[in-house]
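Colleague: After the structure tokens below, expect a handful of questions from me.
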Amino acid sequence: MSGLSDEGPRGVLRQGWSTTVGDYAIAGGWACKGAVLVVGDAAGGVYAFEGTSGATRWEHPGIHDGGMMAMAIHPAGDLVATSGQDGRVLIWNAEDGQVVQSIDLGGGWIENVAWSSDGQRIAVSVSRRVHVFGVEGQEVWRSDEHPSTVSTIVWSNGGDLATACYGQVAFFDGSSGAVLQKLEWQGSLVSMVLSPDGNVVACGSQDNSVHFWRRSTGEDSQMHGYPGKPSALSFDDSGTLLATSGGEDVTVWSFDGDGPEGTSPGVLAVHVKTVTALTFACRGRRLASGARDGVVVLWSLQNDGQGVPVGAALVGGEQDMPDVVSGLAWRPDDRGIAALDASGSVTFWRVSER
Amino acid sequence: MNSQDKVPVTILTGFLGSGKTTLLNRILSEEHGKRIAVIENEYGEVGIDQALVINADEEIFEMSNGCICCTVRGDLIRVLGNLMKRRDKFDYVLVETTGLADPGPVAQTFFMDDEIREEFTLDGIVTLVDAAHIGQQLGRSDESTEQIAFADVLVLNKTDLVETESLDTLEARLREMNRMARVVRSEKADIPVETVLNLSAFDLDQVLERRPTFLEPEYPFEWTGVYALQPGRYELSLAEGPDPVMSLVARVDQGSDDADLREGAEWCVRRYAEPAVEVAPGAEVSLNAHVSLQLQTPGRKSFFLQIDAPAQVGLYAQHTAEEFDMQLLRADDGGAIPVEVERTWVAQHEHDDEVGSFAIEREGSVHPDRLNAWLGEILSERGVDIFRMKGFLSIAGEPDRFVFQGVHMLFDGQPEKPWGDSPRLNQLVFIGRNLDEAAMTKGFDACLV
Numbered sequence: 001m002s003g004l005s006d007e008g009p010r011g012v013l014r015q016g017w018s019t020t021v022g023d024y025a026i027a028g029g030w031a032c033k034g035a036v037l038v039v040g041d042a043a044g045g046v047y048a049f050e051g052t053s054g055a056t057r058w059e060h061p062g063i064h065d066g067g068m069m070a071m072a073i074h075p076a077g078d079l080v081a082t083s084g085q086d087g088r089v090l091i092w093n094a095e096d097g098q099v100v101q102s103i104d105l106g107g108g109w110i111e112n113v114a115w116s117s118d119g120q121r122i123a124v125s126v127s128r129r130v131h132v133f134g135v136e137g138q139e140v141w142r143s144d145e146h147p148s149t150v151s152t153i154v155w156s157n158g159g160d161l162a163t164a165c166y167g168q169v170a171f172f173d174g175s176s177g178a179v180l181q182k183l184e185w186q187g188s189l190v191s192m193v194l195s196p197d198g199n200v201v202a203c204g205s206q207d208n209s210v211h212f213w214r215r216s217t218g219e220d221s222q223m224h225g226y227p228g229k230p231s232a233l234s235f236d237d238s239g240t241l242l243a244t245s246g247g248e249d250v251t252v253w254s255f256d257g258d259g260p261e262g263t264s265p266g267v268l269a270v271h272v273k274t275v276t277a278l279t280f281a282c283r284g285r286r287l288a289s290g291a292r293d294g295v296v297v298l299w300s301l302q303n304d305g306q307g308v309p310v311g312a313a314l315v316g317g318e319q320d321m322p323d324v325v326s327g328l329a330w331r332p333d334d335r336g337i338a339a340l341d342a343s344g345s346v347t348f349w350r351v352s353e354r
Numbered sequence: 355m356n357s358q359d360k361v362p363v364t365i366l367t368g369f370l371g372s373g374k375t376t377l378l379n380r381i382l383s384e385e386h387g388k389r390i391a392v393i394e395n396e397y398g399e400v401g402i403d404q405a406l407v408i409n410a411d412e413e414i415f416e417m418s419n420g421c422i423c424c425t426v427r428g429d430l431i432r433v434l435g436n437l438m439k440r441r442d443k444f445d446y447v448l449v450e451t452t453g454l455a456d457p458g459p460v461a462q463t464f465f466m467d468d469e470i471r472e473e474f475t476l477d478g479i480v481t482l483v484d485a486a487h488i489g490q491q492l493g494r495s496d497e498s499t500e501q502i503a504f505a506d507v508l509v510l511n512k513t514d515l516v517e518t519e520s521l522d523t524l525e526a527r528l529r530e531m532n533r534m535a536r537v538v539r540s541e542k543a544d545i546p547v548e549t550v551l552n553l554s555a556f557d558l559d560q561v562l563e564r565r566p567t568f569l570e571p572e573y574p575f576e577w578t579g580v581y582a583l584q585p586g587r588y589e590l591s592l593a594e595g596p597d598p599v600m601s602l603v604a605r606v607d608q609g610s611d612d613a614d615l616r617e618g619a620e621w622c623v624r625r626y627a628e629p630a631v632e633v634a635p636g637a638e639v640s641l642n643a644h645v646s647l648q649l650q651t652p653g654r655k656s657f658f659l660q661i662d663a664p665a666q667v668g669l670y671a672q673h674t675a676e677e678f679d680m681q682l683l684r685a686d687d688g689g690a691i692p693v694e695v696e697r698t699w700v701a702q703h704e705h706d707d708e709v710g711s712f713a714i715e716r717e718g719s720v721h722p723d724r725l726n727a728w729l730g731e732i733l734s735e736r737g738v739d740i741f742r743m744k745g746f747l748s749i750a751g752e753p754d755r756f757v758f759q760g761v762h763m764l765f766d767g768q769p770e771k772p773w774g775d776s777p778r779l780n781q782l783v784f785i786g787r788n789l790d791e792a793a794m795t796k797g798f799d800a801c802l803v
């Protein structure tokens, strides 16, 4: 992808704005219906930028002592939850940057935070446990200790909370904390996504494979052959396509018909460095991928997982050296996308229809 | 990101009571200008303000394929993965393991996980040994043995509690198990910080600088005698001795000074690696070939050598001449030939511990395809038993020295500096359990061009 920086964004990506946060940009998301982009960094800062201009709306550098670890935007878009190495969860008003709730778990790294899809619950993981709180910050339930540190958590649209760790995926009833289902498999599960209907749970495993289960039948399958651990996974909004990457190529499995078992995946090969971020657009078959060299590519995919690149750009402003893409966030209308990188740059591009 | 940017990591292992915490505190409190992040697996022992100290529970992740070589430490992947996002905060990482930790998964983590490999480099494994207690521990626990075997530096600590003589014995035993490691003695872990940090442990040059004799090879023969011979027939006469057979190579044109002898020894090692031709009493000994003298019958036995042109001949014998009262005589008149020069070699000896180490040192270059095939074979067949290996190779047709290291079946290597005019050389060190040195050496020799 040489020459990208000279030519600026290509294809459907159009020049937007770029800015920076104080350190490695850990996570970000769009709040207030796409009017505000909130980003947290490794120095523990939380920053909000105007979606149209990139101007700083509010900022709180270093508020999570030791660093921010995770961020989740409330489904309604007005609240943002952040968690950090300080053992705290902060719930922010995205408009003005006021902390509306502060939940102190008394130490420990809070590595995951997630809102339930109805917005009534917030789940966090600390070491081997998950805790679920109400919007007012009151603890609703907490899990027993998992067999190992919880690596990732996801809410299903039906209100179950899924947790992954070494050796298993567990489903909890979101309201009571009762264990509904355990899917066991010997491997360290480092990433997880659920299909929109909640039936398929897919995990990237440390042994360079993607393992997935169908909850309804308990059947599982494993996709081998990744050069590295698949830490980037994304389902499209229809639940047909599962994009995965553990190397330079993006591998897209199609759940159309009887797939993906017995089918060949789409292989999207443009990146020359390991892909570190993958996100489907909120609607439709557009996929964004970002890699270690700071290259972001937009793809247009078919039902069978095959696809073509439709846009590409480098993270960072004109003066910045592109660094590892650490996050990608589609604006809720899919007409813009923000990319974060390891040097703390935040880059926004507009996305045209064609 | 190039390898210079990678953050070096030192792993500190050792049984409870060996002095890990004392050493750690020492490192952290000394003025060395390094910002060190510490990952501890044993809680609450260190409380130093200037260091970033992270506690993590040891989490061992085995893979579904059941391969122990693929086992990694999940806690390290997680903690290091977060640490690398705050690189401005530190420039060195120390990992202190629990006393009972198996160092394999810790070391493998730096090879197996792609993200960790991108950002960090394993600088060295330092194992503290409680001089007073390690003797018993070695017998009883695999972990202590493996901690010794994996080490780049062995700190023999609490030496004030042990007699010098038993310290020497202990050190010899540890060296036998791990010839790669540097052994440092201390009383209260009071060793210079540079002994354990920035080892670049995998650069064998440094190892050689520190202890040029560490590769002092063991030979399959114990004795060499050089004789000046005129054309004619000679009788090699042996009395009964400690062994019913004895290997021998009679090398023609053997020089007399030490360099000549060493060169002859290297050459003969390769002959020794070839199958021996059995020679019965009264029969002819082929020159420049590996023979096995059959000595089962009682009394003195004679073997014969035919020399066609004046030459110095070196006899490289499995045992010393003294053990068999071996004499070289003119066949016609029985006149004894005086030995011009003789020397003994460090013989390969029986290893008491299952875990041991050995080195291969060979001049010349290796054929890349043959080497790949050989390495692939030993790593897949013996990877479980090979704890560590490292060294450098001269690959035929390549201008640069190839430096490598490995943990179990994981192998990592890259071209380093150019050979230039220096002589082409290969050095490999293996540490492992029940390794077949002869077979592996033979396998390597077959890769030489």
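In order, the protein sequence lines correspond to chains A and B.
Heads up, the first sequence is in this note's numbering, so the first residue is 1 and it goes up one at a time.
Heads up, the second sequence is in this note's numbering, so the first residue is 355 and it goes up one at a time.
Here a beta-carbon is modelled for each residue, glycine too, at the ideal position from N, C-alpha and C.
#1: Between the C-alpha atoms of A288 of chain A and I91 of chain A, what's the straight-line distance to the nearest angstrom?
#2: Taking only beta carbons into account, state which residues of the region 6-32 of chain A come closer than 8 Å to chain B, listed in chain order.
#3: Quick check for students: name the residue ranges of the beta strand (DSSP E) that lie wholly in the region 225-278 of chain A, counting only runs of 3 or more.
#4: Return the CA-CA distance between E95 of chain A and A329 of chain A, expressed in angstroms with no decimal places.
#5: For the beta strand (DSSP E) holding Q608 of chain B, just list the boundary residues, first then last.
#6: Hey, is Q168 of chain A's beta-carbon within less than 8 Å of any beta-carbon in chain B?
#7: Look at the alpha carbon of F444 of chain B and the alpha carbon of W621 of chain B, and state the distance between them as a whole number of angstroms.
#8: Can you find a C-beta in chain B that's less than 8 Å from the C-beta of D220 of chain A?
#9: With a cut-off of 8 Å, does the C-beta of G177 of chain A fall near any C-beta of chain B?
#10: Measuring only the C-alpha atoms, how far is T376 of chain B from K542 of chain B?
#11: From L521 of chain B to S495 of chain B, what does the alpha carbon distance come to, in whole angstroms?
#12: Taking only three categories from DSSP, how would you classify L729 of chain B?
#13: Under 8 Å, do G204 of chain A and P227 of chain A count as touching if we go by C-beta distance?
#14: With a threshold of 8 Å between beta carbons, is T274 of chain A in contact with chain B?
#15: Just verifying my parser: in three-state terms, what is the DSSP assignment at C801 of chain B?
#16: Using a Cβ-Cβ cut-off of less than 7 Å, list which residues of the region 141-167 of chain A approach chain B; keep chain order.
#17: Can you check whether the C-beta of K439 of chain B is within less than 8 Å of a C-beta belonging to chain A?
#18: For L161 of chain A, which residues from the same chain have a beta carbon less than 6 Å from its beta carbon, with the 5 sequence-adjacent residues on both sides left out?
#19: Considering only C-alpha positions, which residue in the set A:V200, A:G134, A:T82, A:S125 is nearest to C165 of chain A?
#20: Under 8 Å between C-beta atoms, does G204 of chain A make it to chain B?
#21: So for V71 of chain A, helix, strand or coil by DSSP?
#22: Anything in chain B within Cβ reach of K182 of chain A, meaning under 7 Å, just list it in chain order.
#23: May I ask you to report which of helix, strand or coil DSSP gives E519 of chain B?
#24: If we cut at 8 Å on Cβ distances, does V449 of chain B have a partner in chain C?
#25: If the cut is a Cβ gap below 7 Å, which residues of chain A does F415 of chain B touch?
#26: By the 9 Å beta-carbon criterion, what residues does the region 222-235 of chain A contribute toward chain B?
#27: Tell me the DSSP secondary structure of T52 of chain A in three-state form.
#28: Using a 10 Å radius around the Cβ and a threshold of 16 neighbouring Cβ atoms, would you call A76 of chain A buried or exposed?
#29: Rounded C-beta distance between G310 of chain A and G11 of chain A? I'm assuming under 8 Å.
#30: Give the interface partners of A42 of chain A over in chain B, defined as CB-CB distance under 7 Å, in chain order.
#31: So, at 6 Å on beta carbons, what are the nonlocal neighbours of A800 of chain B in its own chain, with the 5 sequence-adjacent residues on each side left out?
#32: Just the chain B side, please: which residues come within less than 8 Å of G67 of chain A by C-beta, in chain order?
#33: Is any beta-carbon of chain A found at less than 8 Å from that of V426 of chain B?
#34: Using a Cβ cut-off of 9 Å, pull out every chain B residue sitting near S58 of chain A, in sequence order please.
#35: For the putative contact between L583 of chain B and I661 of chain B, defined by C-beta atoms under 8 Å, what is the C-beta separation to the nearest angstrom?
#36: Could you tell me which chain B residues have their CB closer than 7 Å to the CB of W213 of chain A, listed as they occur along the chain?
Modeller: A quick look at the data gives this:
#1: 28 Å
#2: D23, Y24, I26
#3: Along the region 225-278 of chain A, the beta strand (DSSP E) occurs as fully enclosed runs of 3 or more residues at 232-235, 241-245, 250-254, 266-268, listed in sequence order.
#4: 18 Å
#5: No beta strand (DSSP E) contains Q608 of chain B, which DSSP labels as neither H nor E.
#6: no
#7: Between the C-alpha atoms of F444 of chain B and W621 of chain B there is a straight-line separation of about 50 Å.
#8: Interface annotation, D220 of chain A: not in contact with chain B, CB-CB separation never under 8 Å.
#9: no
#10: 7 Å
#11: So the two alpha carbons sit approximately 20 Å from each other.
#12: helix
#13: no
#14: So yes, T274 of chain A belongs to the interface.
#15: coil
#16: S148, T149, Y166
#17: yes
#18: A123, W155, F172, G174
#19: A:S125
#20: no
#21: According to the sequence displayed, residue 71 of chain A carries Met and not Val. In this structure, M71 of chain A counts as strand in the three-state DSSP scheme.
#22: Residues of chain B passing the Cβ test: none, with the nearest at roughly 17 Å.
#23: helix
#24: Protein chains in the displayed structure are A and B, and chain C is not among them.
#25: Y166, S188, Q206
#26: Close to chain B, meaning a Cβ-Cβ distance shorter than 9 Å, are the following residues of the region 222-235 of chain A: Q222, P227, G228, K229, S231.
#27: T52 of chain A falls in the coil class under three-state DSSP.
#28: exposed
#29: In the sequence under discussion, the amino acid at residue 310 of chain A is Val, which differs from the Gly named in the question. About 5 Å separates the two Cβ atoms, so the contact holds.
#30: Residues of chain B passing the Cβ test: K439, R440.
#31: none
#32: N436, K439, R440
#33: yes
#34: Here residue 58 of chain A is Trp; the residue named in the question, Ser, does not match the sequence. Those do not exist, as W58 of chain A stays about 23 Å from chain B at its closest Cβ, beyond 9 Å.
#35: 5 Å
#36: None at all; the shortest Cβ gap to chain B is about 14 Å.
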